[in-house]
Amino acid sequence: MTKDIATPIRTQEIMAKHGLTFKKSLGQNFLIDPNILRKIVSQAGLTKESAAIEIGPGIGALTEHLARDAGKVLAFEIDQRLLPVLADTLSPYDNVKVIHSDILKADVEQAIQEELAGFEDIMVVANLPYYVTTPIILKLLLEKLPIRGLVVMLQKEVAERITAKPGTKAYGSLSIAIQYYTEAEFAMTVPKSVFMPQPNVDSAVIRMIKRPDPIVQVIDEDFFFSVTRGSFVQRRKTILNNLQSAMPNGKAKKELILQALDEAGIDPTRRGETLSIKEFGLLSDKLYPHFR
Ligand code: SAM
Numbered sequence: 035m036t037k038d039i040a041t042p043i044r045t046q047e048i049m050a051k052h053g054l055t056f057k058k059s060l061g062q063n064f065l066i067d068p069n070i071l072r073k074i075v076s077q078a079g080l081t082k083e084s085a086a087i088e089i090g091p092g093i094g095a096l097t098e099h100l101a102r103d104a105g106k107v108l109a110f111e112i113d114q115r116l117l118p119v120l121a122d123t124l125s126p127y128d129n130v131k132v133i134h135s136d137i138l139k140a141d142v143e144q145a146i147q148e149e150l151a152g153f154e155d156i157m158v159v160a161n162l163p164y165y166v167t168t169p170i171i172l173k174l175l176l177e178k179l180p181i182r183g184l185v186v187m188l189q190k191e192v193a194e195r196i197t198a199k200p201g202t203k204a205y206g207s208l209s210i211a212i213q214y215y216t217e218a219e220f221a222m223t224v225p226k227s228v229f230m231p232q233p234n235v236d237s238a239v240i241r242m243i244k245r246p247d248p249i250v251q252v253i254d255e256d257f258f259f260s261v262t263r264g265s266f267v268q269r270r271k272t273i274l275n276n277l278q279s280a281m282p283n284g285k286a287k288k289e290l291i292l293q294a295l296d297e298a299g300i301d302p303t304r305r306g307e308t309l310s311i312k313e314f315g316l317l318s319d320k321l322y323p324h325f326r
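First residue of the sequence shown: 35, per this note's numbering; consecutive thereafter.
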């Protein structure tokens, strides 16, 4: 096996060899600890029959661990400067394809068809650029790609919000949007010392495994998401107050909101953070005829 990229010395050597500097604006905090990498990759349950999709391979620290465990790795990197570096550092591996692209603009479905044909098990595994973690995760879920799930490193605070359960401070519309599609679990907290340069915030790894069907069936997904977002605008207010502000003409239609809450079996004095995703689904369907 070749020497790991993810050590402080090797990372510095690679950066110096290619005259590279870290771009903070692209969230470039590279991993320099092989133990953490092994732990992240083990969360994905990869075999040689699986493919991995990586967002932001950097200089290849995580990519090479994925290449060792998976049948193929497809990586999207926005920073053109890193392409020759990756060609160099990943030269021992013949099962990696790097695409130069902003993941938010990439046609991921087409790339999967072209590069990962024949792989039935596909996992996204990434140490995400922290300035765009949520848009990336939501894009990959909303596009309904043929993936089993995602294992990602991100800011600890966002990790807590995504995996939060009802009744907790971190629970909100982001928890609901992601848990609607996936079973999301907090895997581990990660110290700042495993990155170069060290980020300003604490990090964590989460695992999201896609559900065969969303956790609750709703009449209209967009409406459901607008109800959940509206219910958390002012966290200290009751669900009734929040919905009156969030629903079109909500103040005048208070009686209809009360009626929908009653039909859904939800006390109007409760706060949004106490409602389960199933309760939000029911409530959304009861509100829908009046506000669609
Ligand atoms: N995987 C490497 C590691 O763990 O050491 C690097 C992770 S670093 C936190 C994030 C990487 O994402 C950087 O290489 C950065 O250039 C890349 N990146 C940032 N924005 C991106 C985007 N919109 N699309 C694709 N890659 C992006």
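Even glycine gets a Cβ: it sits at the ideal position worked out from N, Cα and C.
Tell me whether Y110 counts as near the ligand SAM, meaning its Cβ is closer than 7 Å to at least one heavy atom of that ligand. As a position in the sequence shown, residue 110 is number 76, starting the count at 1. Reading off the sequence shown, one finds Phe at residue 110, where the question assumed Tyr. Indeed, a heavy atom of the ligand SAM lies less than 7 Å from the Cβ.
F364, DSSP secondary structure in three states: Any answer about residue 364 is impossible in this case: the structure gives the chain only from 35 up to 326.
Since D155 and S84 are thought to touch, with beta carbons under 8 Å apart, how far apart are those beta carbons, to the nearest angstrom? For the purposes of this step, residue 155 is identified with residue 121 of the sequence shown, where counting begins at 1. For the purposes of this step, residue 84 is identified with residue 50 of the sequence shown, where counting begins at 1. Confirmed, Cβ separation roughly 4 Å.
Coarse secondary structure for I156, derived from DSSP in three states: Start at 1 with the first residue of the sequence shown, and residue 156 comes out as number 122. Three-state result, I156: strand.
Just to confirm the assignment, what range does the beta strand (DSSP E) spanning M242 have? To locate residue 242, count along the sequence shown from 1; it is residue 208. Taken as a continuous stretch (DSSP letters only), the beta strand (DSSP E) holding M242 covers 237-244.
Identify whether L184 lies in helix, strand or coil by the three-state DSSP scheme. Within the sequence shown, the letter at position 150 stands for residue 184. Looking at L184 - three-state DSSP - the assignment turns out to be strand.
With distances taken from CA atoms, which of L150, K131, I253 is nearest G117? Here residue 117 corresponds to residue number 83 of the sequence shown, with the count starting at 1. Checking the displayed sequence, the identity of residue 117 turns out to be Leu instead of Gly. Taking only the C-alpha atoms, the option nearest L117 is K131.
When burial is assigned at 16 or more other CB atoms within 10 Å of the CB, is Q46 buried or exposed? Numbered from 1 along the sequence shown, position 12 holds the residue referred to as residue 46. Classification of Q46: exposed, given that the 10 Å Cβ count is below 16.
Taking the beta carbon of S209 as the centre, do at least 16 other beta carbons fall within 10 Å, making it buried, or is it exposed? Within the sequence shown, the letter at position 175 stands for residue 209. S209 is buried by the Cβ-count criterion.
Exposed or buried, Y205, counting other C-beta atoms within 10 Å across all chains shown (16 or more means buried)? Residue 205 sits at position 171 when you count from the first residue of the sequence shown. With 16 or more Cβ atoms within 10 Å of its Cβ, Y205 is classed as buried.
Once you ignore the five residues that flank E297 on each side, which residues in its own chain have a CB closer than 6 Å to its CB? Taking the sequence shown and counting its residues from 1, the one referred to as residue 297 is at position 263. Only K320 meet the Cβ criterion.
What would DSSP say about A145, mapped onto helix, strand or coil? Within the sequence shown, the letter at position 111 stands for residue 145. A145: helix per DSSP, three-state reduction.
Considering only heavy atoms of the ligand SAM, does any lie closer than 7 Å to the CB of P163? Locating residue 163 in the sequence shown gives position 129, counting from the first residue. Result yes, Cβ under 7 Å from the ligand SAM.
Per DSSP, cross-strand counterpart(s) of I89: Locating residue 89 in the sequence shown gives position 55, counting from the first residue. Paired residues: F110.
I137: CB within 7 Å of a non-hydrogen atom of the ligand SAM: Here residue 137 refers to the residue found at position 103 when the sequence shown is read from its first residue. True, at least one ligand heavy atom lies under 7 Å from that Cβ.
For N234, count neighbouring C-beta atoms within 10 Å of its own C-beta (all shown protein chains included) and say buried if the count is 16 or more, exposed if not. Along the sequence shown, one-based indexing puts residue 234 at 200. When all chains shown are included, N234 counts as exposed.
Please classify N161 as buried or exposed, where buried requires at least 16 other C-beta atoms within 10 Å of its C-beta. Position 127 of the sequence shown, counted from the start, is the residue given in the question as residue 161. Buried.
Let me check you understand the geometry: is the CB of F56 closer than 7 Å to at least one non-hydrogen atom of the ligand SAM? Position 22 of the sequence shown, counting from 1, holds the residue named residue 56. No.
When you compare the CB positions of L108 and A145, do they come within less than 8 Å of one another, or not? Within the sequence shown, numbered from 1, the residue matching residue 108 stands at position 74. Within the sequence shown, numbered from 1, the residue matching residue 145 stands at position 111. In contact: L108 and A145 (Cβ atoms closer than 8 Å).
Looking at C-alpha atoms only, which residue of H324, P231, I240 is the closest neighbour of V261? Against the sequence shown, residue 261 aligns to sequence position 227. Of the candidates H324, P231, I240, the one whose C-alpha sits nearest the C-alpha of V261 is H324.
Is it buried or exposed, N63, if we count other Cβ atoms within 10 angstroms and call 16 or more buried? As a working note, residue 63 is residue 29 in the sequence shown. Buried, by the Cβ-count rule.
Beta-carbon proximity check, D254 vs R304, cutoff 8 Å: For the purposes of this step, residue 254 is identified with residue 220 of the sequence shown, where counting begins at 1. For the purposes of this step, residue 304 is identified with residue 270 of the sequence shown, where counting begins at 1. No, the pair does not count as a contact, with Cβ atoms beyond the cut-off.
Distance, Cα to Cα, F56 vs P231? In the sequence shown, residue 56 corresponds to position 22, counting from 1. In the sequence shown, residue 231 corresponds to position 197, counting from 1. Rounded to whole angstroms, F56 to P231 spans 8 Å at the Cα level.
Beta-bridge partners of F64, as assigned by DSSP: In the sequence shown, the residue the question calls residue 64 occupies position 30. Paired residue(s): M230.
Rounded to the nearest angstrom, what separates L309 and P200 at their Cα positions? Position 275 of the sequence shown holds residue 309. Position 166 of the sequence shown holds residue 200. So the alpha carbons of these two residues sit roughly 6 Å apart.
Of the listed residues L277, A50, Y215, T123, nearest to P248 (C-alpha basis): By 1-based counting over the sequence shown, the position of residue 248 is 214. The option with the nearest alpha carbon to P248 is Y215.
If you run the structure through DSSP and keep just helix, strand and coil, what is T223? Position 189 of the sequence shown, counted from the first residue, corresponds to residue 223. Of the three classes helix, strand and coil, the one that applies to T223 here is strand, per DSSP.
By DSSP's criteria, E217 is part of a beta bridge. Which residues make up the other side? Against the sequence shown, residue 217 aligns to sequence position 183. Paired residues: I243.
Determine whether the beta carbon atoms of L274 and L295 lie at a separation below 8 Å. The residue given as residue 274 occupies position 240 in the sequence shown. The residue given as residue 295 occupies position 261 in the sequence shown. Contact flag set, yes.
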